[in-house]
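Quick note on my numbering: the sequence shown kicks off at 169 and runs consecutively.
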Amino acid sequence: MGLTLVLPTILVLAVVIGYPVVRAIIMSFQKDPGLDPATGLFVSGGNAGVSNYTHWLAEQCNNPAGGTVHCPPGTLGGQFWDSMFTTVFFAVCTVVIEVVLGMWMAVVMNRAFRGRALLRASVLVPWAIPTAVTAKLWFFIFAYDGIANKLFGTHVLWTGGEWASRFAIIIADVWKTTPFIALLILAGLQVIPADVYEAARVDGANAWQRFVQVTLPLVRPALIVAILFRTLDVLRIYDLPAILTGGGGGTGHATTTLSILVVDQIRQGFNSAAALSTITFLFIFLVAFIFVKFLGANVVQTQQRQQKGAL
């Protein structure tokens, strides 16, 4: 009976998720059709072995004279590790900033004051705006003659400089996604009994001690869920840097993420792009596994201690 109830869900997941993943893996071991550099004739593809993966991981490109060479600068094959660094850099910076600001916003919104409902509704506005609209909004703000340079009296090429474009993306992403983190943390704060804080005040704990010894341990499950969701989301970031900086940034590819690299490669060959998609999928899956394996256990232990009254 139980299997019958979940069978429709399993079938939908198999069609929507399972088939595309399996198909991408199969394609990743096939050569891209095109001109053979040795003969100049069109070839339909064939078995590529692991060459599509070494093309990205080792940044090896085919040599017209035969064999492989290190991909020259400017080619997509030579951008993999730079794109990996850019993706991880965006993930670390945005998640850390958003968690800190989100925690502060959640603590403020958890207090009782006039206009609290209006404040909670208003903070959703940046998160509710489509990312494409957000990117264009910040594109005009960071224009050379835009608000940012006029406000600070600077002449920074926010969408053209290498590091300036990276910081511009981080600022725009933090503005848009921090409310999402704040609401997830707020949901965790609202289940904490007021009696716990009252007992801490009676014991002489100041505001900082109550935050460290009461709030953080009890809100940890919601906090870890927020960090996990946000980390997995930013690791596949595409639209914000693609629209805000054109997916390049600076004189090269300073803001090219893994997802942008996949889309660029699709225009040159589906099979090699499938290999890059598989690598990206495995990388994100590994990050999710580490979160669930190590941090997920802490969430379970925290909830067990809460039920036993140990916290």
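The beta carbon of each residue, even a glycine, is placed where N, CA and C say it ideally should be. If you're wondering where the values come from, they're calculated on a predicted model, not measured in any experiment.
| query | Of all the options Pro188, Ala296, Gly356 and Asp200, which has the alpha carbon lying nearest to the alpha carbon of alanine 390? | reply | Of Pro188, Ala296, Gly356 and Asp200, the smallest CA-CA separation from alanine 390 is found for Gly356.
| message | Considering only DSSP beta bridges, list what glutamine 228 is partnered with. | response | His238.
| Can you give, in chain order, each stretch of the alpha helix (DSSP H) that sits fully within the stretch 308-356 and has at least 4 residues? | Listed in chain order, they are 315-320.
| query | Exposed or buried, what is arginine 191 when buried is set at 16 or more other beta-carbons lying within 10 Å of its beta-carbon? | reply | Here arginine 191 is exposed: its Cβ has fewer than 16 other Cβ atoms, across all protein chains shown, within 10 Å.
| query | Which same chain residues, not among the five before or five after alanine 441, have their C-beta less than 7 Å away from its C-beta? | reply | Shown here for alanine 441: same chain residues with a beta carbon closer than 7 Å to its own, the five before and five after excluded, namely Val430, Gln433 and Ile434 in chain order.
| query | Any chance the stretch 293-300 sits against the stretch 362-381, with 3 or more Cβ pairs inside 8 Å? | reply | Output reads no: the stretch 362-381 does not touch the stretch 293-300.
| message | In the DSSP assignment, the alpha helix (DSSP H) including leucine 292 goes from what residue to what residue? | response | Counting along the chain, the alpha helix (DSSP H) containing leucine 292 begins and ends at 292-296.
| Contacting residues, own chain, Cβ-Cβ under 6 Å from glycine 270 (five flanking each side not counted) | Closer than 6 Å at the Cβ level, and outside the excluded window around glycine 270, lie Thr346, Ile349, Ala350 and Ile353.
| task | Would you mind sorting glycine 214 into buried or exposed? The rule is 16 or more other CB atoms within 10 Å of its CB. | result | It counts as exposed.
| query | Hey, threonine 302 and alanine 332 are a contact pair by Cβ (cut 8 Å); roughly how many whole angstroms apart? | reply | In fact, because the Cβ distance is near 18 Å, the residues do not count as touching under 8 Å.
| query | Going by C-alpha distance, which of Gly242, Leu305, Leu173 and Val387 is nearest tryptophan 272? | reply | The shortest Cα separation from tryptophan 272 among Gly242, Leu305, Leu173 and Val387 belongs to Val387.
| query | By DSSP, does asparagine 278 sit in helix, in strand, or in coil? | reply | DSSP places asparagine 278 in the coil class of the three-state scheme, outside both helix and strand.
| Can you tell me whether lysine 461 is buried or exposed, with buried defined as 16 or more other CB within 10 angstroms of its CB? | Looking at its Cβ environment, which holds fewer than 16 other Cβ atoms inside 10 Å, lysine 461 is exposed.
| message | Pop quiz: phenylalanine 248 and glycine 217 are said to be a contact at Cβ under 8 Å. What is the actual Cβ separation, rounded to whole angstroms? | response | Between the beta-carbon of phenylalanine 248 and that of glycine 217 there is about 18 Å, and that puts the pair past the 8 Å contact cut.
| said: Using only the alpha-carbon positions, how far apart do tyrosine 187 and phenylalanine 320 sit? | reply: So the alpha carbons of these two residues sit roughly 51 Å apart.
| query | Beta carbon of aspartate 341: closer than 7 Å to some heavy atom of the ligand SAM? | reply | Among the ligands in the structure shown, none appear at all, so the ligand SAM cannot be discussed.
| task | Pick helix, strand or coil for asparagine 215, following the three-state DSSP scheme. | result | Looking at asparagine 215 - three-state DSSP - the assignment turns out to be strand.
| field | 8 Å Cβ shell around threonine 322 - same chain, five flanking residues per side excluded | value | Only Ala316 meet the Cβ criterion.
| request: Using a threshold of 8 Å, state whether the C-beta atoms of valine 402 and phenylalanine 258 are closer than that. | output: Less than 8 Å separates the beta-carbon of valine 402 from that of phenylalanine 258.
| 8 Å contact criterion, which valine 455 and leucine 400 should meet: CB distance rounded | 7 Å between Cβ atoms; contact.
| message | Quick check: asparagine 220 and alanine 443, are their CB atoms within less than 8 Å of each other? | response | Against a cut-off of 8 Å, the Cβ pair of alanine 443 and asparagine 220 comes out as a contact.
| field | Residue burial classification, histidine 238 (beta-carbon count within 10 angstroms, cutoff 16) | value | Label assigned to histidine 238: exposed.
| said: So, under 8 Å CB-CB, serine 251 and leucine 426 are touching, yes? Tell me the CB distance rounded to an integer number of Å. | reply: Their Cβ separation, rounded to whole angstroms, is 5 Å, which keeps serine 251 and leucine 426 in contact under 8 Å.
| Counting along the chain, where does the alpha helix (DSSP H) carrying phenylalanine 449 start and finish? | From DSSP, the alpha helix (DSSP H) with phenylalanine 449 extends over 438-458.
| How about threonine 327 and phenylalanine 308: are their beta carbons less than 8 Å apart? | No; because the gap between Cβ atoms is not below 8 Å, this pair is not in contact.
| message | On the criterion of 16 or more Cβ atoms from any shown chain inside 10 Å, does serine 212 qualify as buried, or is it exposed? | response | It counts as exposed.
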